[in-house]
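Chemist: This is the structure I want to talk about, given as C-alpha cells.
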RNA sequence: GUGAGUGUAGCACAAUGGUGGUGCACCAGAUUGUGGAUCUGGGCGUUGUGGGUUCGAGUCCCAUCACUCACCCCA
C-alpha cells in the first residue's frame, strides 16, 4: 500500500451506508415535523470564527483544530463543530431581518485532531439543530423535545437526558469566582488534573471522575445557588415545560459543557451504560451572546449536536436492507448476452433494479451469483431461448419457472415485481 | 499531549526458539443448461517494517510504523 486513510478518519463502506441513510432519513423527517429547515454551511471557515466563538483558550481551539494557511495566505480551519458556521451564516445573510425565528438543522463531518479511540475520531459526523431569535424558555423545551423524540423514534436504549443551567454571563462570572475560591482552598485534596483545572476550567473539577475530587468537591458551591432571578425563572420554566410534555430528565448541577459560548440551559444525552468514556451522545445548550460576539445583532439562540458515530454504536443492529436487485439476468452465449444487456437497461429505465453477470460463465455459475445477489427473480436466456424467442423467469424462492415471450418480457417482470 | 495493549491468509484465530496450521470465505469439480446442502480438490502468506541475539526467530531484544483501548478533552 502506498498509503492508508488518515488516522482517525474512516471509510463508510457499502455495507455500512444503509444504516447511515436510515438514520439520516429519520432525522430529516423528524426535524421537519418540529419545524426545522435544512441549512448547509461550508466545511471550511476563517479560523477566527472558531477562535472567537468556541473560546480561544479551549482545548479545541488551542490544540485540536485543523488550521492552515491557504495559497493566498488566508487562515482557514476545517470546522470542529457546527454552531459557529450556522451563526455566521445567520448573521451574514441577515436572516434575523426576514426570519426573526430561524430554526435550522444540519448534518455533516466535523474535524478535530485528537488521539482516536472508541467513539472519538478525527473526522466525525454531527447532526445538529439551531434555533435563533427566541429567548423564551418554550423554545428550549421544543428543542429538547425534538432531541428526545429522535432518540425515541430510533429506539435508542439506555440514554438519559441531563440538564443544567449555567446562568447568564453575569451570574456565571460570579459563580466561577466563588468556585475558584473554593477550589483554591482545597488544592491539596485535588488530583493533579483538577489542580490544573482551577485555572483553565474550574467547572470541570466538579465533573472529575477521581474519588478524591468527588469527595473534596462534595460541598462545593453550585451554579444553581448563583443564578439570578431571570436565569432561575427561565430554568424553572424549562423544567416545567419538560414535565408538561412528560419528558424524563435528570437535573445535573455538576454538568459542564466544553464550549465557551453556552449560557443558561445546557444539556446532554448520556449513554448510561458507558460510565465515563465518551458517554455523551448528544449535547447542546443556549448561547445567547454568540450572534453578537461574531458581529450580528444581539440575538438569543439554542441548539444541540448529536455525535452520529456514537449514536450509531448504540442503535439496534438492523439488516442490510438495500442493494438487492429484483431481477438477475443470466445470459449464456454472445447473442444472449447482448440481449441481456438490453433487457437490463430496459428494466432499469422502468425503475426495476436489475443486475447481471459482466463476465458470465456457465449457467450454474450465474445461478450462484443470482442467488448471492439476493434477487427475487432470475431471467434465464441461453441459445435455446434466443431461438424460441422466449426467456425463462425463475422465482428464486419457490423455484418455479415460467417461459415468457420476449415481447411480453418487460411487462411480465413489471407485474411480478410489483407485488414485492 | 500521556499511558497501556495488539500486529500471522480476504476475515476470525492457532503454532514449546526447530518444515507456519485450522475454521469461515473464495475458486474449481462431483452435477457438460439451473442457486442455498454435502463431498473432493485448489491458491494464498515477504508472520506490519527495519535491525539485533542465535546454528536456527512468527516466537527473544531494540527501533519504527499501524491499529486498539484508556487518560486528557469532547459529539
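Numbering (the working numbering), first residue to last: 22 to 441.
Ideal Cβ positions, reconstructed from N, Cα and C, are used throughout, including at glycine.
Please name the residue, chosen from 319, 350, 170 and 371, that lies closest to residue 47 on a Cα-to-Cα basis.
Modeler: Taking the first residue of the first chain as position 1, residue 47 is located at position 26. The residue with the shortest Cα to Cα distance from residue 47 is 170.
Chemist: Among 437, 225 and 419, which residue has its Cα nearest to the Cα of residue 425?
Modeler: Within the first chain, numbered from 1, the residue matching residue 425 stands at position 404. When each option's Cα is compared against that of residue 425, the closest is 437.
Chemist: Please classify residue 89 as buried or exposed, where buried requires at least 16 other C-beta atoms within 10 Å of its C-beta.
Modeler: As a first step, residue 89 must be located in the first chain, where it is residue number 68. Per the 10 Å Cβ criterion, exposed.
Chemist: What does DSSP give as the partner residues of residue 130 in its beta bridges?
Modeler: For this step, residue 130 is matched to residue 109 along the first chain. In the DSSP output, where bridge partners are listed per residue, residue 130 has 146.
Chemist: Quick check on residue 217: does DSSP put it in helix, strand or coil?
Modeler: As a first step, residue 217 is located in the first chain; it is residue number 196 there, counting from the start. Correct three-state label for residue 217: helix.
Chemist: If you drop the 5 nearest sequence neighbours on each side, which residues of the same chain put their C-beta closer than 7 angstroms to that of residue 57?
Modeler: Position 36 of the first chain, counted from the first residue, corresponds to residue 57. The answer, listed in chain order, is 124, 125, 126 and 150.
Chemist: Could you pull the DSSP bridge partners for residue 89 from this structure?
Modeler: Residue mapping note: residue 89 aligns to position 68 of the first chain, counting from 1. Residue 89 is bridged to 97.
Chemist: Assign residue 388 to one of three DSSP states: helix, strand, or coil.
Modeler: In the first chain, counting from the first residue as 1, residue 388 sits at position 367. In the structure shown, residue 388 sits in a helix (DSSP, three-state: H, G or I).
Chemist: Report the option in 105, 219 and 330 whose CA atom is closest to the CA atom of residue 145.
Modeler: In the first chain, counting from the first residue as 1, residue 145 sits at position 124. Of the candidates 105, 219 and 330, 330 places its Cα closest to the Cα of residue 145.
Chemist: Mark residue 42 as exposed unless 16 or more other C-beta atoms lie within 10 angstroms of its C-beta, in which case mark it buried.
Modeler: In the first chain, residue 42 corresponds to position 21, counting from 1. Result: exposed.
Chemist: What are the boundary residues of the alpha helix (DSSP H) that residue 57 is part of?
Modeler: Walking along the first chain from the start, residue 57 turns up at place 36. Neither: residue 57 is in no alpha helix (DSSP H) and is coded neither H nor E.
Chemist: Is residue 286 closer than 8 angstroms to residue 259 when the C-beta atoms are compared?
Modeler: Position 238 of the first chain holds residue 259. Position 265 of the first chain holds residue 286. In this structure, residue 286 lies closer than 8 angstroms to residue 259 by Cβ.
Chemist: Would you decide whether residue 341 is buried or exposed? Buried here means 16 or more other CB atoms lie within 10 Å of its CB.
Modeler: Within the first chain, the letter at position 320 stands for residue 341. Its pLDDT being 49, under 50, residue 341 is placed unreliably by the model, and nothing is read from it.
Chemist: Residue 348 lies in the beta strand (DSSP E); which residues open and close that run?
Modeler: Start at 1 with the first residue of the first chain, and residue 348 comes out as number 327. Where residue 348 is concerned, the enclosing beta strand (DSSP E) stretches over 348-352.
Chemist: Can you grab the Cα-Cα spacing for the pair residue 249 / residue 192, in whole Å?
Modeler: Translated into positions along the first chain, residue 249 becomes position 228. Translated into positions along the first chain, residue 192 becomes position 171. The alpha-carbon atoms of residue 249 and residue 192 are separated by roughly 6 angstroms.
Chemist: I'd like to know whether the C-beta atoms of residue 164 and residue 323 end up nearer to each other than 8 angstroms.
Modeler: By 1-based counting over the first chain, the position of residue 164 is 143. By 1-based counting over the first chain, the position of residue 323 is 302. Yes, they are a contact pair.
Chemist: Quick one: residues in its chain with C-beta nearer than 6 angstroms to the C-beta of residue 130, no 5 flanking neighbours on either side, listed in chain order?
Modeler: Counting from 1 along the first chain, the entry for residue 130 is found at position 109. Taken in chain order, the residues that qualify are 144 and 146.
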